[in-house]
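Below you'll find the structure, written out as structure tokens, and then a few comments.
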Amino acid sequence: MTEQYFLVAPKIIPGEALSSWIHRLCQSHGISTKRLYKLLNFRKPEDVDSEEFPEAILKLMSMTRHDIENFQLVKAVNRSILLTEALRKQLRTGLDQSPTTAFCWQCLRTDAIPYYRIEWRFYFWQTCPKHLVDILTRCPYCLKSPDLRSELLVSNNATPSLAFCYFCQFYFGDSIQQIQSEFATSSVEQIKTQQSMMASVVYGYFQIHPWAERFPLQSMFHLYNAGLLASDIKSDSCSPPAWGEGIFSSFLHFLDSKLETGERAHVQISAMAESKK
Ligand SMILES: [Zn+2]
Ligand SMILES: [Zn+2]
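Residues in the sequence shown are numbered from 1168 upward in steps of one, following the working numbering.
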């Protein structure tokens, strides 16, 4: 395989999941993902969106002559997933633990080149902020979830683009025809919360206004799982957007209620999160 071979590779779209780009790359060359990894001398990963960025992918980037900058976002997200167990648990998987993604059918309908977004991989991401509808986790026609391990765009069952269901060839852009009931419209607060969580995932930490401390993502997900991550978000000059100090009072209030019930020994945020499940 020469570098020339990958000169025509598609560019990664800002915000695109690595898995999505790899499917499109394989389509442009008419090779399976299995073959691609073999060419790169790299074992086929369980979930390429959650793995350490291997040399093989870096090599692929240089072969495709794409600005390494374009991959910074997926690199940052993969790193946070690797370092944060609670974030790994947020990765959407199918019944057999296969990596899957949710999707906004309206985004896929309007994309010039349909692609899967990084944030669609996470359970906490539930609403499309652009179209204000809850994202779908299954094909509305055959009810199967997209299986990112399948050869989505290069097999006998291949579809023309990621906007189609691999299993029944249904065009996701037509989802409204299958779903009669109204889509849930999530609150502005929920959208703000998921966006701030995603920004924190990219940065690798979260902040509480007005302090400069960087808190680990793990704690953010404990608060989230315990229902304590309010949408009180300050975005002025903070990077990533910071939660308001109100998070402390709700946390202390929660601790108080725990102490009153006799759980004095080891009140930890993690234990708290468990008890709320
Ligand atoms: Zn959308
Ligand atoms: Zn389907």
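Every residue, glycine too, gets a C-beta built ideally from N, C-alpha and C. Fair warning: this is a prediction, and the values are worked out from it, not measured in the lab.
From the DSSP secondary-structure annotation, give me the bridge partner or partners of residue i.
i	result
Thr1294	Asp1301
Thr1268	Paired residues: none, contrary to the question.
Trp1410	Ile1375 and Ile1400
Arg1284	Glu1183
Pro1383	Tyr1372
Phe1331	Tyr1338
Phe1289	Leu1258
Buried or exposed for residue i, going by 16 or more other Cβ atoms inside 10 Å?
i	result
Ala1279	exposed
Thr1277	exposed
Tyr1283	buried
Gln1361	buried
Ile1343	exposed
Gln1166	Here the chain has residues from 1168 to 1444 only, and residue 1166 is not among them.
Val1175	exposed
Ile1285	buried
Ala1379	exposed
Val1355	exposed
Leu1275	buried
Leu1320	buried
Gln1273	buried
Ser1247	buried
Leu1329	buried
Leu1203	buried
Given this structure, state the Cα-to-Cα distance separating residue i from residue j, to the nearest angstrom.
i	j	result
Arg1431	His1420	For Arg1431, the predicted model reports a pLDDT of 49, less than 50, meaning its position is unreliable; a value from the coordinates is still stated below. Straight-line Cα distance between these residues: approximately 14 angstroms.
Leu1303	Asp1341	13 angstroms
Arg1381	Asn1323	49 angstroms
Ser1406	Tyr1370	8 angstroms
Ile1179	Trp1188	6 angstroms
Pro1281	Pro1307	18 angstroms
Ile1224	Thr1200	13 angstroms
Pro1181	Leu1250	23 angstroms
Ala1184	Leu1240	9 angstroms
Phe1418	Asp1301	28 angstroms
Ala1467	Gly1413	Since the first residue of the chain shown is 1168 and the last is 1444, residue 1467 is not available in this structure.
Ser1367	Ser1398	14 angstroms
Asp1314	Ser1424	43 angstroms
Ser1416	Ser1386	16 angstroms
Lys1521	Ala1269	What the structure shows of the chain is the stretch from 1168 to 1444, and residue 1521 is not part of that stretch, so it cannot be assessed.
Arg1305	His1190	19 angstroms
Leu1396	Leu1206	45 angstroms
Arg1337	Met1364	Looking at the sequence itself, residue 1337 is Phe, so the reference to Arg does not match. Taking the straight line from one Cα to the other gives about 32 angstroms.
Ser1312	Pro1327	18 angstroms
His1196	Phe1173	8 angstroms
Phe1209	Ser1186	15 angstroms
Val1244	Phe1339	26 angstroms
Report yes if the C-beta of residue i is less than 7 angstroms from at least one heavy atom of ligand 1; otherwise report no.
i	result
Gln1273	yes
Cys1193	no
Lys1425	no
His1196	no
His1298	yes
Assuming residue i contacts residue j (C-beta within less than 8 angstroms), just tell me the rounded distance between them.
i	j	result
Cys1309	Phe1334	5 angstroms
Asp1133	Pro1266	Nothing can be reported for residue 1133: it is not among the residues displayed for the chain, which extend from 1168 to 1444.
Leu1258	Phe1289	7 angstroms
Leu1254	Leu1384	6 angstroms
Pro1296	Ile1358	5 angstroms
Phe1238	Met1230	Going by Cβ atoms, the distance from Phe1238 to Met1230 rounds to 13 angstroms, so no, they are not a contact pair.
Lys1401	Gly1411	6 angstroms
Pro1177	Leu1192	6 angstroms
**Prompt:** Could you name the residues, in chain order, whose CB is less than 7 angstroms away from a heavy atom belonging to ligand 4?
**Reply:** By its list of ligands, the structure shown excludes ligand 4, since it contains just ligand 1 and ligand 2.
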